[in-house]
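Remarks on the structure that follows.
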Amino acid sequence: MGPDPFIKVDMFSDVSKILKDVIQKNPNFSDACFNLARIQHERGRYAASKENWKNFLRLEPSSVFAKCIQSLYGKAVISGQYKNIPFEEKNPVKFGEIDAIAQKQLKDFNKQILKIGAIYCELYTLNDIQAIALDDVVEVVEAPVTVNIDLASLHSKYGNPVVTFKSISGKKTLLFKRFAVDVLDGIVNKVIHFEEKTFGLSSG
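One rule links them: number in the numbering used here = place in the sequence shown (from 1) + 165.
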């Protein structure tokens, strides 16, 4: 005689309750949303699973799992939009040629010459701010984020990132069209400003 099917049902029920409790306490915990949606889908609770797929895709719109969800369950649950807007906190160093304005902004920075492969660049640092210039042209500026922004607020204002990178430390880097951000524990803590990059994608 095989295993009692009610044991599996009870197990799913217990796990579902645990995951719901985790999500209630931490709505930005994407792994819990994914696993709850998967369990609900397997049990035929498609309406409930769809809501949790949406929650997962809101938090992880560009992850490998998001692409799997969209391919396995038909058309995308959430359509992607790539907004072409800069980050809300002002870039502390202007892009382009280091003219009189940029020189004034950089006057308290320490300057180093770095070699990256065959390319030489200038690295300017001041506290937690870094600016990288190539041939005296500022290309990238990295700075800490001073306001409290969670993932839901980030996606609401800027749409979906072009791509998301995850590290084993738990940090995520979300790449948008005009900036990238580092996210740790669901909160944005660093921004990398750059001029608009084209990825062969249409703007939202």
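In this text, a Cβ means the ideal position worked out from N, Cα and C, and glycines have one as well.
V217, enclosing alpha helix (DSSP H) - first and last residue: Before going on, a small fix: residue 217 reads as Asn here, not Val. Unbroken alpha helix (DSSP H) run through N217: 211-224.
Where the alpha helix (DSSP H) containing N200 begins and where it ends: For N200, the uninterrupted alpha helix (DSSP H) segment begins and ends at 195-207.
Status (buried if at least 16 other CB within 10 Å, exposed otherwise) for Y211: Residue burial is scored here from C-beta neighbours: Y211 has fewer than 16 other C-beta atoms within 10 angstroms and is therefore classed as exposed.
Burial state of L318 (16 or more Cβ within 10 Å): Note on residue identity: the sequence assigns Ser, not Leu, to residue 318. Under this definition S318 is an exposed residue.
Closest by C-alpha distance to K219, when choosing among I234, E254, L184: If we check each option's Cα against that of K219, I234 comes out closest.
DSSP beta-bridge partners of Q277: Under DSSP, Q277 takes part in a beta bridge, and its partners are L288.
Of the listed residues Q189, P309, F341, Y285, nearest to N292 (C-alpha basis): That would be P309, whose Cα lies nearest to the Cα of N292.
Helix, strand or coil at A283 according to DSSP, with G and I counted as helix: In the three-state reduction of the DSSP assignment, A283 falls in the coil class, being assigned neither a helical nor a strand state.
Helix, strand or coil at V356 [DSSP, three-state]: DSSP places V356 in strand when its eight states are reduced to three.
Chain-order list of residues whose beta-carbon lies under 6 Å from that of E360 (same chain, five-residue window excluded): Closer than 6 Å at Cβ, skipping near neighbours: F260.
Chain C within 8 Å of K259, Cβ atoms only: No chain C appears in the structure shown, which is made up of a single protein chain.
Spatial neighbours of E262 in its chain, beta-carbon cut-off 7 Å, leaving aside the 5 residues before and after: Cβ neighbours of E262 beyond the five flanking positions: D301, V302.
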